[in-house]
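Those letters in the sequence shown? Residues -1 to 172, by this note's numbering. The C-beta atom is built at its ideal place from N, Cα and C for all residues, glycine as well. Reviewing the structure listed below.
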Amino acid sequence: MPAETTRPGQDSYEGGLRRVARVVLLDPDDRILLLHGHEPDDPADDWWFTPGGGVEGDETREQAARRELAEETGITDIRLGPVLWRRRCSFPFAGRRWDQDEWYYLARTTQTATEALGLTELERRSVAGARWWTCRELARARETVYPTRLAELLRTLLDEGPPAGPVTLDTEIV
């Protein structure tokens, strides 16, 4: 699952859940940007995930989404849209269990070059890069992708547009 994206001791928690903002970033060709992550000590245990991370201090989730995207990709020229989906998840990573309440924001950009300049030490050990995916490539992917239904969710988003309100996804426990 996604790497820790905030500084130790700075995450905002609510009801025991780490508050997380994620970004479904689309380019002009409707490709989605995903990060390639892995366990810090086992690059073979890998997956793809959307940029984003924990809310810090008193920032809003929208502010966290923008900050995390900039830190993890260098992309700052975006049009941030609505919250598409909400998801609770629990997964092991880097020797501990992460319990998260994630909000996925839609964003659009024309900036497709990425440069991860603001990674934490843990992220530097566990994020291997970024890639733009077409919906078709994502649907055919054999790699692990989180959330697990991302290809289907993206297809619906591209076909129907954003939902009227955030859709609650199934809880994922890994």
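>> So for T142, helix, strand or coil by DSSP?
In response: coil
>> Taking the alpha carbon of L104 as the reference point, which residue from F91, L156 and F89 has its own alpha carbon closest?
In response: Cα-wise, what sits closest to L104 is L156.
> Three or more C-beta pairs closer than 8 Å, one from the stretch 115 to 122 and one from the stretch 13 to 27: is that the case here?
Replying inline: no
> From D56 to A62, what distance separates their C-alpha atoms?
Replying inline: 10 Å
> Could you give the distance in angstroms between the alpha-carbon of R94 and the alpha-carbon of L32?
Replying inline: 23 Å
>> With DSSP as the reference, identify every bridge partner of E37, one or two as the case may be.
In response: Paired residues: D40.
> For the putative contact between A126 and G35, defined by C-beta atoms under 8 Å, what is the C-beta separation to the nearest angstrom?
Replying inline: The Cβ separation is near 7 Å, so the contact holds.
> Taking just the CA atoms, how far does F47 sit from L24?
Replying inline: 14 Å
> Nearest-angstrom Cα distance between R64 and T142?
Replying inline: So the two alpha carbons sit approximately 25 Å from each other.
> Which of helix, strand or coil does DSSP assign to R153?
Replying inline: helix
> Between which two residues does the alpha helix (DSSP H) containing L120 stretch?
Replying inline: Segment E119 to S124, the alpha helix (DSSP H) holding L120.
> Can you check whether the CB of I30 is closer than 8 Å to the CB of W101?
Replying inline: In this structure, I30 does not lie closer than 8 Å to W101 by Cβ.
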